[in-house]
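See structure below.
Protein chains in written order, with this note's numbering: chain A, 5 to 138; chain B, 32 to 826.
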């Protein structure tokens, strides 16, 4: 069963945030699919670039769990083809920024023993915590 | 001394309940003594009110009339008629806008409203003192019309006008009339044969006694203005003699059989070839041969004259010359139509590179010949894709607009193909299907029922297979979210529509305007859709924007009706509110020439500027550029405006603030009227002066206003898009810049001049703008009297 989505202020806030971060007016998207069909990496993605645009527009937070934004190579094929002159790769970048700022640590410090921690360089530890973010 | 009659209208209480008219009378008497004849009446616009004016003109021998009543946009015409009836020139009358700009807008503050009314009336009287009689020049009108473009629009306009008895010259650049419609196979949604509908009309246009048909012709120049134009038309040589007793072409086809040159027939979109001597189509009108000098070997290197040899009638003349015809007309209808989008502009489609990517017009001809026996001229495979929005709704190629017809013609071509060859597998790739017309949605449904597959997605990638020549499309089906990559035997591009390139010359000659989409701009998008900003020039069909056939024909008939309405007046009055040059003051510096895009200012033989009254629109933009104040505008003379500014600020007390609003007549002044009608309150410090356009303002006028006590100035004009005279705001901004420099020089602080372009509905914006100024004035110091003295030389 597809989950029901509510149109609420959270969704709108999310859209506004992405619009602000990316500088792209996502509500302009016509959903023509040009970006997806031209994308050289679309086969590696779980959802297509045009779906990213749609999900952000309707405030569907599930978009944050998709892999697409991490696969996007910012090659700008979509950007030069979009009939509405939207920059989809900037939207991907905005989503990545949001995800990174959630600062999810995928490693638990309590899993590391004190001895191990002594031997590891500090900077290496920090980056390990953030490594699998997203 | 002038004798001025001042009439105060109570407007059945609308004015007198707010404004104390007795106080106004006392004020006038105090300032002017018994010089004025002042009368108060309940309804000045009524018969009795008008009689008051006409009687006084006769009995009291009035020279000027001032009426304090509603907005001039309500009853100016009424009162002008009364003036004429009384025997005075209608241009020595002024209306003080008491109702809309005062009693209604400031209904809740009767005392302040009365004070404001005094200022308004004083200004009107000051202006009236310097009014002088103006004559409306009358120009005769004939019955001649030039129709440019022989497509369905041009033919319809010509026939309608010719039937009504007008003398029409119909000019077409190609050797045959009929335009794009004659090329189409069938029309949507009825699927009746396009050629069968248009060919009787084409024949009628040729045979009509009131139509002079000139084909294979080019317009070399159009001169003239308003309702008198002279066109130079080059009728290009066909190299064939017709209509002579001895050497007449009998269309025996011998020349065609012998001609060694084979080339693409543009009329057939390259689907069928033609010879260098040819008739473009079976339904061509006029049905005459023509030699194409670009491909004919005789014109290339003189190596061939076979057709001349074989012609039994000696009808071929290689040294025939172009004929140049001069036509004088009263009105012009531009119906030059559209060109389809050149798909090579966007290389991703592969058009021109891939063999099996064709345009929709080519497809029209392919489908037209599809059932030909033994075989159609162009073979197409079974898997066919239509790609929508090629050169429409695509900002990458600078075309934001929807071309309106592509969805329907693609559905039509697909349906016709499916009916003729049911084995074809047809896909239409679309973003949105726009089936807006009568019977269109039903037609779309029928196509779906036939099994034509509609896929929602725009193909992004086109690739040609080197060997099979099939075209691979990559597209996202945006509904199932699958990426589809598949081969097609034929890809049909649904090219969008753009203004035809041949229109560019016409635009130059007639100084027409384009709208943002690149098509010709109409005078008003709602109620003047076939007029242009140039008087006497009308537009019909796809030059104004993409259109299907029914809309084009409707618009063509509308244009014909507008031409008839114009010409039926038999004469035409020139509005006397025009610029004029004081010859003594003019020093021939030519600066004004650049400020008039209509090129209405010319240099006369004395080396001084002169206004061509037939071209001048009366916007006043030239005046700001004149360093000697030689240029001026009738009815809004510089002297009058100084007096008006003087009078409107004269009653100002030391502690009061004044925001002077120079309101252009067509937008800002009417906007203030609308505020009054809706009883919407706004700042009572405002004083509005009516202007022909914002271009009329000059730095000197603004500086004078500040000197006389204005604290801030707001200048209003129309939105550039809706402007009748689109350059005025530029001029105003320049004047403002100069004024600001002077203000800084004199040591006046703050941003005191505001310019805004108002639309008709911007009621709240107007109120807010005024409030903003008022707020910012509170933070500024008053302009001291010493500073004021520095501002302006004039006293």
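Don't be surprised by glycine CBs; every beta carbon is placed ideally from N, CA and C.
Tell me whether residue i sits in a helix, a strand or coil according to DSSP, three-state version.
i, result
"residue 138 of chain A", "Because residue 138 of chain A sits at a pLDDT of 47, beneath the cut-off of 50, its placement in the model cannot be relied upon, and the point is left open."
"residue 254 of chain B", "strand"
"residue 731 of chain B", "helix"
"residue 691 of chain B", "strand"
"residue 462 of chain B", "coil"
"residue 700 of chain B", "helix"
"residue 85 of chain A", "helix"
"residue 788 of chain B", "strand"
"residue 196 of chain B", "coil"
"residue 126 of chain A", "helix"
"residue 529 of chain B", "strand"
"residue 501 of chain B", "coil"
"residue 390 of chain B", "strand"
"residue 558 of chain B", "coil"
"residue 205 of chain B", "coil"
"residue 241 of chain B", "coil"
"residue 36 of chain B", "strand"
"residue 602 of chain B", "strand"
"residue 20 of chain A", "helix"
"residue 234 of chain B", "helix"
"residue 745 of chain B", "strand"
"residue 62 of chain B", "helix"
"residue 668 of chain B", "coil"
"residue 420 of chain B", "strand"
Can you pull the chain A residues whose beta carbon is under 8 angstroms from the beta carbon of residue i, in chain order?
i, result
"residue 489 of chain B", "36, 37, 38, 41 and 87"
Less than 8 angstroms between CB atoms is the rule here; does residue i satisfy it with respect to chain A?
i, result
"residue 522 of chain B", "no"
"residue 512 of chain B", "yes"
"residue 495 of chain B", "no"
"residue 375 of chain B", "no"
"residue 462 of chain B", "yes"
"residue 427 of chain B", "yes"
Determine the chain B residues that contact residue i at a beta-carbon separation under 7 angstroms, and present them in chain order.
i, result
"residue 54 of chain A", "507 and 509"
List the residues that DSSP assigns as beta-bridge partners of residue i.
i, result
"residue 425 of chain B", "B/430"
"residue 217 of chain B", "B/224"
"residue 263 of chain B", "B/252 and B/357"
"residue 100 of chain B", "B/128"
"residue 506 of chain B", "B/515"
"residue 492 of chain B", "B/505"
"residue 186 of chain B", "Paired residue(s): none; residue 186 of chain B is not in a bridge."
"residue 362 of chain B", "B/176"
"residue 718 of chain B", "B/691"
"residue 171 of chain B", "B/602"
Taking the beta strand (DSSP E) that residue i belongs to, which residues open and close that run?
i, result
"residue 440 of chain B", "Element bounds for residue 440 of chain B: not the beta strand (DSSP E) but the alpha helix (DSSP H), 437-451."
"residue 513 of chain B", "513-519"
"residue 175 of chain B", "175-179"
"residue 470 of chain B", "Run containing residue 470 of chain B: none; DSSP gives neither H nor E here."
"residue 80 of chain A", "From DSSP, residue 80 of chain A is part of no beta strand (DSSP E); its letter is neither H nor E."
"residue 610 of chain B", "610-612"
Does the beta carbon of residue i come closer than 8 angstroms to any beta carbon on chain B?
i, result
"residue 46 of chain A", "yes"
"residue 138 of chain A", "The predicted model places residue 138 of chain A with a pLDDT of 47, which falls under 50 and marks its position as unreliable; any figure quoted below should be read in that light. No, its Cβ sits nowhere closer than 8 angstroms to a Cβ of chain B."
Would you mind reading off the limits of the alpha helix (DSSP H) that contains residue i?
i, result
"residue 801 of chain B", "794-809"
"residue 624 of chain B", "622-625"
"residue 95 of chain A", "92-105"
"residue 80 of chain B", "78-90"
"residue 536 of chain B", "534-541"
"residue 339 of chain B", "337-341"
Against residue i, what residues of chain A qualify as contacts under a CB-to-CB distance less than 9 angstroms, listed in chain order?
i, result
"residue 424 of chain B", "34, 36, 87 and 88"
Going along chain A in order, which residues have a C-beta closer than 7 angstroms to the C-beta of residue i?
i, result
"residue 492 of chain B", "41 and 42"
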